[in-house]
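Read through the structure below, which is laid out as structure tokens, and then see the notes.
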DNA sequence: CAAAATAGACCGACTGGTCTGTAAATTTTT
DNA sequence: AAAAATTTACAGACCAGTCGGTCTATTTTG
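Here it is as structure tokens:
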């Protein structure tokens, strides 16, 4: 794995735990064991450029996880598996890993606009992917329902992390039926 | 308004825009026009103590807003008014103001545990308040439904902010019925 | 007077970023 | 193919500025 890729991956991990401002480049450098010159060689525009790429990288990785969970399953079964992915991530990280995008998106209004756009695009990708999934399985009004399900899952993720209790995510398994049948 | 209170209020505002790490004490001091000595007189333990108080303050202020929106209205009407409060806040701040608690809670796993507890308590207060509201209006299974509604609203807030589009919040007005009737 | 509050100079640590330099690759020229 | 020139990548000392925090001195209040 080359230097550039390791920088992006590690940044993605750190950003998830501490957000944009909480993740310093010196910390990244120390973690990857790479000198400063290398970072600014690969990312001439510095921190913003690196984090933007890390967001896209992390978002894509997450989408793959969700895609694997959904693949080849019925609607409810697939969505349940997707929620299980979130639950496992919270537990595995001792509730330190936030949703990789939300961790930055919440402060995005005060950061470089391109970073907000990157968050926006990742969210849109997730939602489109889910929308297609629902549609292929004959769910009516798939576009709107996928938006609603994402809002629910996102909120449950945030609350479960803050409370250090996965009950909010588990609750989604119960209430998703009401949305799908609406 | 005395110094201490102004410090807490301003910190609450700044934290909402930039989170825990993004809000520096020098910036707070400059904004409130107060010298450092005053801050450390009122908050001997420094930044953590100040932010912890700002979280509680901001959370309470938000609860009052929601309470006013709900008061004396029927279930759906009240919840719609509550969503309107969120929408107005996003628009008024040009999508810069996040949910005051989520802005910190997402990184809380890496900060002082007391700050996470403060976030936790505010969230619990909101949810209990909503739970009572639903119960008084004869909604069945009020506890669980209030948890679900909060998860939905929280997620819609995050997504609407990230996309700079209030459609996710508006969508809640449509789907809340499915939850209430479940 | 004493206590509370204000005031800000000052501290070491750390911030993101620049700069100069070296060592391999890769390409160009002969 | 060998030599020369150029580009890519790695390396880290160094910079001004800011971080959160301490400390002492002064002013205000009761």
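Chains as they are written, first to last, in the numbering used here: chain A, 1 to 182; chain B, 1 to 182. Glycine is no exception: its CB is placed at the ideal position from the N, C-alpha and C atoms.
Closer than 8 Å, CB to CB, is residue 102 of chain B near chain A or not?
Counting from one through the second chain, the residue named residue 102 of chain B turns up at place 102. The Cβ of residue 102 of chain B sits closer than 8 Å to at least one Cβ of chain A.
With DSSP run on the structure shown, which of helix, strand or coil describes residue 59 of chain A?
Working through the first chain from its first residue, we reach residue 59 of chain A at position 59. Shown here, residue 59 of chain A sits in a helix according to DSSP, grouped into three states.
Under 8 Å, Cβ to Cβ, is there at least one residue of chain A near residue 1 of chain B?
Stepping through the second chain from its first residue, residue 1 of chain B is reached at position 1. By this cut-off, residue 1 of chain B is not an interface position.
Return the residue from the list B:159, B:158, B:126 that minimises the CA-CA distance to residue 146 of chain B.
Taking the first residue of the second chain as 1, we reach residue 146 of chain B at position 146. Looking from the CA of residue 146 of chain B, the closest CA among B:159, B:158, B:126 belongs to B:126.
Output the distance between the C-alpha atoms of residue 196 of chain B and residue 90 of chain B, rounded to the nearest integer angstrom.
Residue 196 of chain B is absent from the model: chain B starts at 1 and stops at 182.
At what residues does the alpha helix (DSSP H) containing residue 119 of chain A begin and finish?
Here residue 119 of chain A refers to the residue found at position 119 when the first chain is read from its first residue. 113–136 is the span of the alpha helix (DSSP H), which, as asked, contains residue 119 of chain A.
Nearest-angstrom Cα distance between residue 178 of chain B and residue 124 of chain A?
Counting from one through the second chain, the residue named residue 178 of chain B turns up at place 178. Counting from one through the first chain, the residue named residue 124 of chain A turns up at place 124. In a straight line, the C-alpha of residue 178 of chain B is about 24 Å away from that of residue 124 of chain A.
Label residue 100 of chain A either buried or exposed according to how many other C-beta atoms from any shown protein chain fall within 10 Å of its C-beta, with 16 as the threshold for buried.
As a working mapping, residue 100 of chain A is identified with position 100 in the first chain. Counting the other CB atoms within 10 Å of its CB gives residue 100 of chain A a total of 16 or more, which places it among the buried residues.
Tell me whether residue 92 of chain A is buried or exposed, calling it buried when 16 or more other Cβ atoms sit within 10 Å of its Cβ.
Position 92 of the first chain holds residue 92 of chain A. The residue is exposed, with fewer than 16 neighbouring Cβ atoms inside 10 Å.
Other residues of its chain near residue 202 of chain A: CB distance less than 7 Å, five sequence neighbours each side excluded:
What is shown of chain A runs 1 to 182, which leaves residue 202 of chain A out entirely.
Less than 8 Å between CB atoms is the rule here; does residue 155 of chain B satisfy it with respect to chain A?
Start at 1 with the first residue of the second chain, and residue 155 of chain B comes out as number 155. Closer than 8 Å to some Cβ of chain A, the Cβ of residue 155 of chain B qualifies, so yes.
Span of the alpha helix (DSSP H), counted from its first residue to its last, around residue 84 of chain A
Numbered from its first residue, the first chain carries residue 84 of chain A at position 84. Unbroken alpha helix (DSSP H) run through residue 84 of chain A: 75–92.
Near residue 32 of chain B, which residues of its chain fall below 6 Å by C-beta distance, leaving aside the five closest residues on each side in sequence?
Stepping through the second chain from its first residue, residue 32 of chain B is reached at position 32. The beta carbon of residue 32 of chain B sits closer than 6 Å to those of 6, 7, 10, all from its chain and outside the five residues before and after it, given in chain order.
Is it buried or exposed for residue 214 of chain A, if we count other Cβ within 10 angstroms and need 16 for buried?
Nothing about residue 214 of chain A can be read from this structure; chain A reaches only from 1 to 182.
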